[in-house]
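**Q** If you read the protein sequences in the order shown, they are chains A and B. To convert, take the position in the first sequence, counting from 1, and add 4; that gives my numbering. To convert, take the position in the second sequence, counting from 1, and add 201; that gives my numbering. Attaching a single structure in structure tokens format; questions to follow.
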Amino acid sequence: EAGVAQSPRYKIIEKRQSVAFWCNPISGHATLYWYQQILGQGPKLLIQFQNNGVVDDSQLPKDRFSAERLKGVDSTLKIQPAKLEDSAVYLCASSLRGQGITGELFFGEGSRLTVL
Amino acid sequence: GEDVEQSLFLSVREGDSSVINCTYTDSSSTYLYWYKQEPGAGLQLLTYIFSNMDMKQDQRLTVLLNKKDKHLSLRIADTQTGDSAIYFCAESKAGQLTFGKGTKLSVIP
């Protein structure tokens with residue numbers, strides 16, 4: 005079974021530039037999550053999708069971050085304009101039925117963003 | 202303060218037992234989890250425990266839950282060099298996972 009795919013693995017940009025990350029979840033997984041993991045910290049949920057609808061985006065900085073999952077499969081996360089504090093690893097995860105059942109989220113390897 | 206707290210570092214000798222501790226805040230958490238993150242990789246679910254249990258054993262892993270003190274621990278028996286990683290405790294709150302900062306386990310050969 006193919007895992008969660010993310011790209012690019014690494015991205016270096018200057019502040020005020022824009023960047024987009026892509027995620028393809030495990031086939032059949034209805035729930036998709038984007039997490040931000042700053043160095044030395046645990047992952048923090050940015051947004052959760054159920055199929056193509058947003059379940060929770062309360063911690064997404066909507067003035068600069070946006071995410072979509074138009075067809076209920078793959079998803080993109082965009083940052084525009086980027087700030088220095090956005091330097092982090094952006095992790096995508098998917099699950100069959102959403103967290104709170106057994107909590108098994110399957111994570112991708114992440115996209116590491118460096119903002120200079 | 203943080204919702205989920207863990208010590209940041211643990212160093213053990215190969216073959217010894219490792220114990221990683223965690224405190225959480227939400228007494229209504231249904232499940233508590235341990236995830237493992239190897240360098241350059243995403244998180245992988247190691248084990249979880251339902252809140253009405255106080256212990257769960259899975260091969261070399263033992264999870265202990267003290268609901269009264271909101272304390273969770275992960276014991277790894279016969280720790281191997283391949284166990285070197287960051288271990289995250291997480292609680293389920295309002296249907297979402299909140300992670301601790303992670304404990305970096307270093308195994309000395």
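From the three backbone atoms N, C-alpha and C, an ideal C-beta is built for every residue, glycine too.
Give a yes or no on whether 7 Å exceeds the smallest Cβ distance from A:Phe111 to chain B.
**A** The residue given as residue 111 of chain A occupies position 107 in the first sequence. Yes, because at least one Cβ of chain B sits closer than 7 Å to the Cβ of A:Phe111.
**Q** Report yes or no: is there a C-beta of chain B within less than 7 Å of the C-beta of A:Gly104?
**A** Sequence index remark: in the first sequence, residue 104 of chain A carries index 100 (1-based). Note that A:Gly104 has pLDDT 47, beneath the 50 cutoff, so the model's placement of it is unreliable and the number below is only indicative. Closer than 7 Å: yes.
**Q** Hey, how far is the Cα of A:Asp84 from the Cα of B:Pro240?
**A** By one-based count along the first sequence, residue 84 of chain A stands at place 80. By one-based count along the second sequence, residue 240 of chain B stands at place 39. The residue you asked about is not Asp; residue 84 of chain A is Gln in the sequence shown. A direct Cα-to-Cα measurement between A:Gln84 and B:Pro240 gives close to 28 Å.
**Q** Between the Cα of A:Ala9 and the Cα atoms of A:Phe69, A:Glu113 and A:Gln54, which residue gives the shortest distance?
**A** The residue you call residue 9 of chain A lines up with position 5 of the first sequence. Residue A:Glu113 is the option with its Cα nearest to A:Ala9.
**Q** Among A:Leu43, A:Leu49 and A:Phe53, whose alpha-carbon lies nearest the alpha-carbon of A:Leu100?
**A** Taking the first residue of the first sequence as position 1, residue 100 of chain A is located at position 96. The shortest C-alpha separation from A:Leu100 is found at A:Phe53.
**Q** Look at the alpha carbon of A:Gln45 and the alpha carbon of B:Gly303, and state the distance between them as a whole number of angstroms.
**A** Here residue 45 of chain A is taken as the residue at index 41 of the first sequence, counted from 1. Here residue 303 of chain B is taken as the residue at index 102 of the second sequence, counted from 1. Whole-angstrom Cα-Cα distance: 7 Å.
**Q** Give the residues from the segment 226-246 of chain B that approach chain A closer than 9 Å (Cβ to any Cβ), ordered along the chain.
**A** Thr231, Tyr232, Leu233, Tyr234, Tyr236, Gln238, Gly241, Ala242, Gly243, Leu244, Gln245 and Leu246
**Q** Buried or exposed: where does B:Gly202 fall if 16 or more other Cβ atoms within 10 Å of its Cβ makes it buried?
**A** On the second sequence, residue 202 of chain B is found 1 positions in, with the first residue counted as 1. Low confidence applies to B:Gly202: its pLDDT is 44, below 50, so where it sits in the model is not reliable, and the reading given next is rough at best. Exposed: under 16 other Cβ atoms inside 10 Å.
**Q** Mind the definition here: the segment 57-65 of chain A touches the segment 209-228 of chain B only if three or more C-beta pairs lie below 8 Å; say whether that holds.
**A** no
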